[in-house]
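So the sequence shown is residues -8 to 232, counted in our numbering.
Virtual Cβ for every residue (Gly too), placed ideally from N, Cα, C.
Computed from a predicted model, the values in this text were never measured in an experiment.
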Amino acid sequence: MATFLLVHGAMHGGWCWKRVTPLLEAAGHRVLTPTLTGMGERYHLLTPETGLSTHVLDLLGTLYFEDLTDVIAVGHSYGGMVISQLADRASDQLAGLIFLDAFTGHDGAAMWDFQPEETRSLYLQWAARGGDGWRIPPTDAFVQTLGITEDADRAWVQSRLTDFPVKCQHDTLSLFSGGYEQLPKGYIHCTESPLAPKFWPFFDEAEGEGWPCRSISASHDAMVTHPALLARSLTDVTGEW
């Protein structure tokens, strides 16, 4: 059985995996869902200096203090940036990487580089109006991009989203050890949200590289809206390594 390290995306927290975790555990897997600094129940730790390196340190700490090896790291959205950098630092403790509607590893690239110009402009406007210029608040418009159609699910998610530091958008990946390249990887693309076009290029690139890939009919927050489908997809991908 596998050990899954589920890494959430921007504005989310470990809480977002609560519907997937019991399904994976019922199948005999171990599951860890750390919350990155400045988000979720750790929102009070957010500062202008909170960035990608902070979040990589969060995961390095989880690996160390939980004595973890042979871990499958799953990164959702921004979490793909975090697990990519983690792989460069701790490939010997990882069994592979799965990108869930996520940004993949490109040395020297920042998440900002992959954002459409319209999105960049909106984020800067939101930060200026409600985030003191350095944090992006979870606006109603942002929540709509997640593609969550059920009112109860959308309300639950929106009530838990927290501000996201602009710094994380600009921090670049530094992949120099070869750890990222050597690990098995997979990609799961979610097709039922306004964000789907943003992540198609990463899915296409992953297919071109020969990674096991899945395209699922689910919202960007598939862990909330389609937990059973996501759990199956995760185990299907790892079964092809």
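Check, Outcome
"For Lys158, the first and last residue of its enclosing beta strand (DSSP E)", "Looking at the DSSP string, Lys158 is not in any beta strand (DSSP E); the run it does join, the alpha helix (DSSP H), is 157 to 161."
"Cβ-Cβ distance between Met2 and Phe133 below 9 Å", "yes"
"Sheet register partners of Arg126 (DSSP bridge)", "Pro156"
"Cβ neighbour criterion (16 or more within 10 Å) applied to Trp191", "exposed"
"Min CB distance Met2 to chain C below 9 Å", "Here there is only one protein chain, and chain C is not present."
"Classification of Phe94 by the beta-carbon crowding that lies within 10 angstroms, buried from 16 upward", "buried"
"The region 45 to 55 touching the region 136 to 150, judged by at least three CB pairs closer than 8 Å", "no"
"Nearest-angstrom beta carbon gap, Ile74 and Thr229 [assumed within contact, 8 Å]", "Not confirmed; about 14 Å, so no contact."
"Proximal residues to Asp114 (C-beta, below 8 Å), its chain only, five neighbours per side dropped", "Residue 114 is actually Tyr in this sequence, not Asp. Closer than 8 Å at Cβ, skipping near neighbours: Gln106, Ile127, Val157, Gln160."
"Arg21 beta carbon less than 9 Å from that of Thr(-6)", "yes"
"CA-to-CA distance, Arg10 to Leu220, given in whole angstroms", "11 Å"
"Distance CB(Leu27)-CB(Thr38) smaller than 9 Å", "no"
"Status (buried if at least 16 other CB within 10 Å, exposed otherwise) for Phe193", "buried"
"Runs of alpha helix (DSSP H) wholly within the region 161 to 200 (minimum 4 residues, chain order)", "170 to 173, 187 to 199"
"Segment limits, alpha helix (DSSP H) that includes Val148", "142 to 149"
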